[in-house]
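A.B. asks: Below you'll find the structure I mean.
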Amino acid sequence: MDTVVAKPYMPATGLYPDIPLFSPRKSGPKVRAVEQIVQSLRRWSWLEVELDRLCRFDRYTYVHSIHVAVLSLMMAEQLAYKKKDLRELVLGALLHDVGKERIPPALLNRPGKLTANEFELIKEHPSLGEEILRLKPLSLSAYLVICQHHERWNGRGYPDGLHGTQIHPFAQIAAVADVYDALTTDRPYRKGLPGKVAYEMVVAGAGTDFSEEVIEAFQEIVALFSATGS
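Quick note: to get the working numbering, add 54 to the position in the sequence shown (first position is 1).
Spelled out as structure tokens, the structure:
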């Protein structure tokens with residue numbers, strides 16, 4: 055498991071052209087922190103199996119999950135979470151999209167527009183992830199990241215239409231990281247957005263799609279990076 059996280063890590067689009075959120079110098083220590091968390095769990099052979107299977111299934115989903123874990127870790131540290139909580143959040147973030155393993159790859163990576171029925175199938179992946187990991191030794195907080203990362207503050211998310219504080223705090227954090235990374239990454243059906251545009255879209259969701267507290271932490275990370283340069 056020594057390189058299960060670090061080896062496939064790839065830089066994502068930066069928040070701004072001169073402030074790369076995932077540049078090696080900026081995020082390298084956080085990537086190593088995620089790797090250390092995985093190392094601390096190497097007694098769980100199933101975790102290595104799950105991460106390897108996800109990588110073989112769809113490299114984008116795997117690398118995206120690493121990015122979500124790194125950005126979630128940054129925000130959680132900004133929110134002063136304890137070290138043991140960081141471990142559970144990172145674990146949930148790394149596994150948040152495992153349910154996509156049960157979605158046909160051709161559907162996940164289709165260049166054209168999905169039908170309504172196909173999109174409904176895609177939306178099943180949090181519940182499918184819940185099924186895949188139900189019997190694994192995950193804490194409830196890590197498990198709820200997988201189940202709830204597509205729930206939205208205003209109740210318009212899925213799969214359960216939870217709202218506000220019904221959504222676990224870790225899932226609230228992962229939701230912001232998930233959307234930001236997805237927006238800035240090239241996909242078969244669209245080009246990734248410029249970091250600044252994606253940042254503004256995410257921040258505009260404060261109080262509707264996302265927790266205002268989490269968005270404040272996201273903005274503080276950007277401010278810190280702006281102050282220290284790339």
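Yeah, the Cβ is synthetic: ideal placement off N, Cα and C, and Gly gets one too. If you're wondering where the values come from, they're calculated on a predicted model, not measured in any experiment.
Please identify the residue among Ile275, Ile200, Cys109 whose C-alpha is closest to the C-alpha of Arg188.
C.D. replies: Locating residue 188 in the sequence shown gives position 134, where the first residue counts as 1. Taking only the C-alpha atoms, the option nearest Arg188 is Ile200.
A.B. asks: With 16 other CB atoms within 10 Å as the buried threshold, where does Tyr253 fall?
C.D. replies: The residue you call residue 253 lines up with position 199 of the sequence shown. It is buried - the Cβ of Tyr253 has at least 16 other Cβ atoms within 10 Å.
A.B. asks: Name the residue from Ile269, Phe224, Met255, Leu162 whose alpha carbon lies nearest to the alpha carbon of Ile176.
C.D. replies: Stepping through the sequence shown from its first residue, residue 176 is reached at position 122. The shortest Cα separation from Ile176 among Ile269, Phe224, Met255, Leu162 belongs to Leu162.
A.B. asks: Please determine if the region 223-238 and the region 141-154 are in contact, where contact requires at least 3 C-beta pairs separated by less than 8 Å.
C.D. replies: Enough Cβ pairs lie closer than 8 Å, so yes.
A.B. asks: Can you grab the Cα-Cα spacing for the pair Asp151 / Val122, in whole Å?
C.D. replies: On the sequence shown, position 97 is the one that residue 151 refers to. On the sequence shown, position 68 is the one that residue 122 refers to. In a straight line, the C-alpha of Asp151 is about 10 Å away from that of Val122.
A.B. asks: Between the C-alpha atoms of Lys154 and Gly183, what's the straight-line distance to the nearest angstrom?
C.D. replies: The residue labelled residue 154 in the question sits at position 100 within the sequence shown. The residue labelled residue 183 in the question sits at position 129 within the sequence shown. Approximately 7 Å, taken between the alpha carbons.
A.B. asks: Taking DSSP as the reference, what is the three-state secondary structure of Ala260?
C.D. replies: Sequence index remark: in the sequence shown, residue 260 carries index 206 (1-based). In this structure, Ala260 counts as strand in the three-state DSSP scheme.
A.B. asks: Starting from Trp100 and walking both ways along the alpha helix (DSSP H), at which residues does that stretch end?
C.D. replies: Looking up residue 100 in the sequence shown gives position 46. 99-111 is the span of the alpha helix (DSSP H), which, as asked, contains Trp100.
A.B. asks: Note down, in chain order, each residue of its chain lying with its Cβ closer than 8 Å to the Cβ of Pro159, except the 5 sequence neighbours on either side.
C.D. replies: Counted from its first residue, the sequence shown places residue 159 at position 105. Excluding positions up to five away in sequence, the list reads Phe111, Asp112.
A.B. asks: What residues match up with Arg244 in a beta bridge as DSSP calls it?
C.D. replies: As a working mapping, residue 244 is identified with position 190 in the sequence shown. Looking at the DSSP assignment, Arg244 forms a beta bridge with Arg241.
A.B. asks: What did DSSP end up calling Tyr114 once you bin it into helix, strand or coil?
C.D. replies: On the sequence shown, position 60 is the one that residue 114 refers to. Looking at Tyr114 - three-state DSSP - the assignment turns out to be helix.
A.B. asks: Hey, could you find the ends of the alpha helix (DSSP H) Lys136 is sitting in?
C.D. replies: Reading the sequence shown from its first residue, position 82 is the one you call residue 136. Per DSSP, Lys136 belongs to no alpha helix (DSSP H) and is neither H nor E.
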